[in-house]
Amino acid sequence: MKFTLAFGVVAALFSQGGLADKCPQPPAYSQAPVVSTPVSSAAISSAPVGPYSTLPMPSDFTLTPISYSSVQQYSTSVPQGPYSTRPMPSSYHQVISSPVFSTALMSVPTATPVFSTAPMPVPTVTPPVSPPSGAYQITQNQLNAAIPDRAGDNSCTAAPAAGECATNTQALAAINNALTKYGITKRGEAVAVIALMAYESANWAYNINHFPGRPGQGTRAMLMYNFVEKYAQSLHSAETAQALAGSGSATDIQNSVRALVLNNNDSFGSGFWYLTTQASAYHNSAGKLRDGNVADFEDYIVNGVGAGWSSDRQTTWAAVNAAIPV
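Sequence positions in the sequence shown follow mature numbering (1 follows the signal peptide of the UniProt record, and there is no 0) and run -20 to -1, 1 to 306.
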């Protein structure tokens, strides 16, 4: 009788919320305190979805009912949990009975941790916008005004290096071909490269280096040999390989490679090739080689080409810039 009465009293207390509210409930996963860290909205929007997220559940998660005995086993024997500040054991596979933000029962596949370390998809990169079509072109009168020393058909008669000088008539077609080939659409770039080649070749008088006479250096842009070889390979790969395999001295081999790009089209194209392939940061850039900007030209010479700046370079650029109208 006393046992029955005691049992009834205990039952009554539970039904009235007395003892039920006073008895502490064991934690679901861990004895360690839960640490709450504020999370920014940007982090939430970019975080991977998972079983505790309000975002859509990934397709590889499945809802699988589990038995109470399995839940009991993990809830009473595992000392760490997903919100513990202690490390998660590498061999631990979590079993969830009542997710924090969901009433559905689910199991987490062991191949995919709650917070997966798998790489996120790489965002699509939008390719750069192509430059506007329509290469810049110059006229015979403009080139004659820019380089008056070579305006006449007989202007190379007294040239210092036999066989190297070119008149403006010979230069014009080669320059316009290069402007088209290398996609030069900005007047500032055309003026800069023509001025550079005019200065380096003494107004088309030289096609190879004479002072001090470096082996392999040449073209109207007076490219150093390492660039001459790259340029030759880009235009005449088989012939360049054959020249490099020659049995002569290093000087002979370098001069043989240079000879491949001394024709008018290649030689007058060298400055435009260099701009678009070796100093491409200056090509089609809103802040580089702007129209009529001598400071941009100086920056290109010093930092893009790696040459010294002088008043003679500025004079040459000013003549070309004035001769080619905006």
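Just so you know, even glycine gets a beta-carbon here, dropped at the ideal spot from N, CA and C.
- For the 8 Å CB-CB criterion, LEU176 and LEU152 do not form a contact.
- Under DSSP, LEU203 shares a beta bridge with GLY198.
- A residue is called buried when at least 16 other Cβ atoms come within 10 angstroms of its Cβ; PHE248 meets this threshold and is buried.
- Judged by beta-carbon spacing, ALA141 lies within the 8 Å limit of ALA185, meaning their Cβ atoms are closer than that value.
- In the assembly as shown, PHE207 is a buried residue. Its beta-carbon has 16 or more other beta-carbons within 10 Å.
- Where ALA261 is concerned, there is no enclosing alpha helix (DSSP H), because DSSP gives it neither an H nor an E.
- Annotated three-state conformation of ILE281 is helix, per DSSP.
- The residue from SER250, TYR262 and ARG293 with its alpha-carbon nearest to that of LYS166 is TYR262.
- With a cutoff of 8 Å on beta-carbon distance, ALA126 and ILE304 are scored as near each other.
- It is roughly 7 Å from the alpha-carbon of THR149 to the alpha-carbon of ASP133.
- Counted as a single uninterrupted DSSP element, the alpha helix (DSSP H) harbouring LEU224 occupies residues 217 to 224.
- SER250: member of the alpha helix (DSSP H) spanning 244 to 253, first to last residue.
- The distance from the Cβ of ALA178 to that of TYR254 is about 15 Å, inconsistent with a contact at the 8 Å cut-off.
- Beta-bridge analysis with DSSP links ILE188 to GLY198.
- Ranking ILE118, GLU209, TYR162 and VAL306 by CA distance to the CA of ALA221 puts GLU209 first.
- A distance of 8 Å or more separates the beta carbons of ALA154 and ILE118.
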